[in-house]
Amino acid sequence: MDEVIKLELLTLEVSDCRLCEAHGMALNHLPAIHRGDCAPMIVIGAQPEKVDIHSRQLFSGSAGKRMLNWLVRANIGKEIEDVLARVYFTTLSKCHTTSGRDLNQAMGHCAFFIERELKLVAPRICVTLGKEPLDRLFRYAGILEDVVGGEWTETELGIHLFPILPDGCRIIPLPKPSSASMWAKDEGRAERLDQALTLIDKLFNK
């Protein structure tokens, strides 16, 4: 069975999961959606936007479209549709939660899924959105501003006894694309974002 079929089966498994409800958590389930195929780049956010439930597509809200436009700027594609066809998109929590406490618990419950996705996709570029993926996946204990604008390996970000990315995979941290983020409004931070997008362009299109 090839990896594309395994990813499709994993997507169905994710949509059938009810572990959080078994722990008394209230959340909004995302239906089975196509997140992408085995691609050279994976983008990892914290959780789906609420609008994704109805659109059946990750990052379909205003924040997601802002992020997709960043990737257009990074020359992943000329249009958003091109980007969607060339990148695998996922989140730490597979469902939408309404509280920070529930989100932390949901991300823990979904850890098994994200590790399997990373193994199947086997990306050479891993783009993270915000601090949560860095904390959860790579045990990063620093601040986001110190790593946006650079490219990193797992061991450079934190102590990880069992690597979850393929050898040579580069991690490019980005800020959260939320409209409330100060990154787009601060000149110094905006420059770091530009540097990160330039790195993505260089790594993806080399």
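In this note's numbering, the protein residues as written are 902 to 1107. Quick reminder that beta carbons are idealized off the backbone N, C-alpha and C, glycines included. Since the structure is predicted, the reported quantities are computational estimates derived from the model, not experimental observations.
Buried/exposed call for residue i, threshold 16 Cβ in 10 Å
i, result
"residue 1036", "buried"
"residue 1008", "buried"
"residue 937", "buried"
"residue 975", "buried"
"residue 946", "buried"
"residue 1074", "buried"
"residue 999", "exposed"
"residue 940", "buried"
"residue 1047", "exposed"
"residue 1064", "exposed"
"residue 906", "exposed"
"residue 1040", "exposed"
"residue 942", "buried"
Cβ separation of residue i and residue j, assumed to be a contact under 8 Å, to the nearest whole Å
i, j, result
"residue 948", "residue 908", "Wrong, their Cβ atoms sit about 20 Å apart, outside the cutoff."
"residue 1034", "residue 1070", "With 8 Å as the limit, residue 1034 and residue 1070 do not qualify as a contact, their Cβ atoms being about 14 Å apart."
"residue 1049", "residue 1076", "6 Å"
For residue j and residue i, the rounded distance between their alpha carbons
i, j, result
"residue 1087", "residue 1078", "14 Å"
"residue 1043", "residue 903", "38 Å"
"residue 912", "residue 996", "12 Å"
"residue 990", "residue 972", "12 Å"
"residue 916", "residue 1011", "11 Å"
"residue 1095", "residue 960", "20 Å"
"residue 1081", "residue 1089", "17 Å"
"residue 935", "residue 1072", "23 Å"
Residue ranges of each alpha helix (DSSP H) run of no fewer than 4 residues wholly in the segment 954 to 991, ordered along the chain?
963 to 974, 981 to 987
May I have a chain-ordered list of the beta strand (DSSP E) segments no shorter than 3 residues that lie completely inside the segment 1023 to 1095?
1026 to 1030, 1071 to 1075
Count the C-beta pairs between the segment 952 to 964 and the segment 903 to 920 that are closer than 8 Å, then say yes if the count reaches three, no if not.
no
Ignoring anything shorter than 3 residues or poking outside the segment 902 to 960, list the beta strand (DSSP E) runs there in chain order.
942 to 946
Could you tell me whether the segment 952 to 962 touches the segment 929 to 936, where touching means 3 or more Cβ pairs closer than 8 Å?
yes
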